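Working notes for the structure below.
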Amino acid sequence: MLLRAAEILRRRRDEIAYWETLENGKPISQARGEIDNCIACFEVGAGAARLLHGDSFNSLGDDLFGMVLREPIGVVGLITPWNFPFLILCERVPFILASGCTTVVKPSEVTSASTLLLAEVLAEAGLPAGVFNVITGSGRIIGQAMAEHPDVDMLSFTGSTAVGRSCVHAAADSNFKKLGLELGGKNPIVVFADADMEDAADAAAFGISFNTGQCCVSSSRLIVERSIAADFEKLLVEKMAKIGVGDPLDPNTQVGAITTEAQNATILDYIAKGGAEGAKLLCGGSPLDLGRGQYIAPTLFSGVSREMAIARDEIFGPVLCSMHFDTLEDAIRMANDTVYGLAASVWTKNIDKALMVTRRVRAGRFWVNTIMAGGPEMPLGGFKQSGWGREAGIYGVEEYTQIKSVHVEIGKRSHWIA
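Here UniProt numbering is used: the first residue of the sequence shown is 1, the next is one more, and so on.
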C-alpha cells in the first residue's frame with residue numbers, strides 16, 4: 001500500500017506542489033522538490049515495515065526462554081505545522097503506518113489542503129477507512145483535545161517549544177500518552193579559517209534563506225573564526241544580495257513569501273530589536289514590495305553578542321546573526337550556548353577538527369561541509385529543548401511501537417506449593 005501511495009504521489013506531484021505554494025508561499029520549485037522527498041519517505045517506509053524485529057534471550061536459565069516483541073502503540077495523534085505542511089506529514093505517516101498504528105492528523109489551520117490531498121492518495125492506494133483520519137480547525141481547540149484525549153496513545157507534535165511544553169502537561173494530566181516532539185532551534189553554522197569560503201558562504205546564505213527562514217533547522221547563528229570574519233561577511237553579503245526573492249509561482253524564484261502577516265510582523269520586530277541592541281546591519285533588514293503577499297530581504301547582522309534577542313530567540317525568518325571566535329574551544333562553547341539542540345553545521349578541511357566539533361556540540365542533526373542534506377533513512381530529532389524522540393527510517397517505525405517482554409517456560413514449572 002505504501003508503494004502504491006508513492007506512485008500516486010508521483011503522478012499528482014505538480015498538483016500537490018501547487019497547493020503547497022498557494023497556502024504556504026514557498027517557491028514552486030522548492031515545493032516540487034519536497035514532494036519528491038515525500039515520495040522517498042513512502043518508499044523507505046515500505047521497506048522499513050519489513051525490518052521491524054524483536055530480540056530473544058536463551059540465557060535466562062535452563063527452563064526459561066525470553067522474547068522481546070515490538071507492538072504498535074495504538075492511535076497516534078499527529079499535529080503538523082504550517083512551514084512544511086506536506087513534508088513533515090510524510091516524514092511521519094509512512095512510518096506510523098509501517099508500525100501498524102492508526103493516526104488522527106490535525107494540520108495547521110493555515111495550510112490544511114495538502115493533508116486532505118494525502119487522505120485522497122491513501123484512500124486510492126487502498127488504505128482501509130479509519131486508519132488515516134484528518135480533523136481540520138483551530139489548534140487551540142482540536143490540538144488541545146487531542147493532547148488530552150484518553151484514547152490517543154501517542155501524540156507527535158511539530159512546532160514551537162512553548163506549545164510543546166503545553167503538550168507535555170496535557171499528556172501528564174490525561175493518560176500519560178507517549179510524546180514525540182520536534183520543537184524549536186537556534187542552529188549554529190561554524191566556519192573555521194581553513195574552510196572553503198565560497199562553499200561555506202553559499203551554504204550560510206542557503207541555510208538562512210531556504211523556505212524564507214521559516215524552518216526549524218535554519219542555520220540562524222553564524223559562528224565564524226575572527227581571522228576571516230570580515231572577508232567572509234563581505235562574501236556572504238554579495239551572495240545574499242543575489243538571492244532571487246519573488247513570486248512563489250515563478251519557477252526561477254529562490255525565496256518566496258512569508259506565510260502569514262503575523263509571522264511577517266514578528267520577523268520585522270526582531271530586525272528592529274537587532275538594530276536597537278547594537279548589532280550592525282550588513283544587508284537586508286526591510287520588507288520588499290513585490291505585490292501580493294509579504295516579502296523580506298535576506299538579512300545579515302554582524303557584531304552580535306550572546307545577550308541579544310536575535311542571538312537567542314528562534315526568529316523563524318531570513319535573519320542571520322554573525323558572531324566571531326578565536327579558538328576551537330570558543331567555537332564549541334558558542335555553538336552550545338542555546339537552550340536548543342536541533343541541528344548544527346561545521347565547515348573545515350581538517351577532519352579531526354570537524355569530528356571534534358561534531359562530537360561535542362549537542363545537536364540531533366549534524367552536517368559537515370554541507371547543509372540541510374539527508375534522506376528518509378536518517379533519524380530526525382533534537383537535543384535539549386528541541387524535542388523528544390526520533391522520526392523517519394527504522395528509528396521512526398520503532399518510535400511508534402512499545403516493547404513487550406515474553407517469558408516462556410520450557411518443560412514443567414516447579415510448583416511453589418508442596
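Cβ coordinates follow ideal geometry from the N, Cα and C atoms, glycine included. Computed from a prediction, not measured in an experiment: that's the story for all the values here.
Boundaries of the beta strand (DSSP E) harbouring H324: 319-325, taken from the DSSP string. Between K280 and I310, the CB-CB gap reaches or exceeds 8 Å. When DSSP reads this structure, M154 sits in a beta bridge with V76, K178. F57 sits in a strand when the DSSP states are folded into three classes. Contact between the stretch 403-417 and the stretch 371-389 is not established, with fewer than three Cβ pairs separated by less than 8 Å.
In this structure, the CA atom of Q30 is about 8 Å from the CA atom of Q254.
Taking a C-beta distance under 8 Å as the contact criterion, L89 and L118 qualify as a contact pair. In the structure shown, H169 falls within a helical segment according to DSSP collapsed to helix, strand and coil. L300 is positioned such that its CB atom lies closer than 8 Å to that of M240. Secondary structure at A119: helix, using DSSP grouped into helix, strand and coil.
For T358, the uninterrupted alpha helix (DSSP H) segment begins and ends at 351-360. V217 and V368 have their alpha carbons spaced roughly 15 Å apart.
In this structure, G317 places its C-beta atom within 8 Å of the C-beta atom of G213. Distance from the Cα of R292 is smallest, within the candidate group V397, R333, R359, G246, for G246. Taking a cut-off of 8 Å for Cβ pairs, the stretch 15-22 and the stretch 40-49 do not touch, as fewer than three such pairs fall below it.
For E182, the number of other beta carbons within 10 angstroms of its own is at least 16, and it is reported as buried. Straight across, the Cα-Cα distance linking R359 with I351 is about 12 Å. Contact fails between the stretch 122-138 and the stretch 148-155, because fewer than three Cβ pairs, one in each stretch, are under 8 Å apart. In the structure shown, I371 falls within a coil segment according to DSSP collapsed to helix, strand and coil. Distances from the alpha-carbon of N187 to those of L9, D63, A363, P376 put A363 closest. Comparing C-alpha distances from D250 to each of N264, A229, L290, V224 shows the shortest one belongs to L290. Per DSSP, K186 lies in no alpha helix (DSSP H) and is assigned neither H nor E. If you look at A31, you'll find it in the alpha helix (DSSP H) that goes 28-48. The distance from the Cβ of P128 to that of S99 is about 16 Å, inconsistent with a contact at the 8 Å cut-off. According to the DSSP assignment, K239 belongs to the alpha helix (DSSP H) that extends over 226-241. In this structure, C321 keeps its C-beta atom at 8 Å or more from the C-beta atom of S386. Three or more pairs of CB atoms, one per stretch, sit closer than 8 Å, so the stretch 103-110 contacts the stretch 75-85. If you check the CB distance, P27 and G256 come in under 8 Å. Residue pairing of R70 in beta bridges, as defined by DSSP: I403. Relative to I258, the option among A297, V237, C283 whose CA is nearest is A297. The C-alpha of K349 lies about 18 Å from the C-alpha of D330. Straight-line measurement puts the Cα of L52 at about 48 Å from the Cα of V237.
Membership of W347 in any alpha helix (DSSP H) is not indicated; the residue belongs instead to the beta strand (DSSP E) covering 343-347. Inclusion of S345 and G244 in the CB contact set at 8 Å is not warranted, their separation being larger than that value. Residue state for V408 is assigned as strand, using DSSP reduced to three classes. DSSP places C283 in the uninterrupted beta strand (DSSP E) bounded by 280-283.
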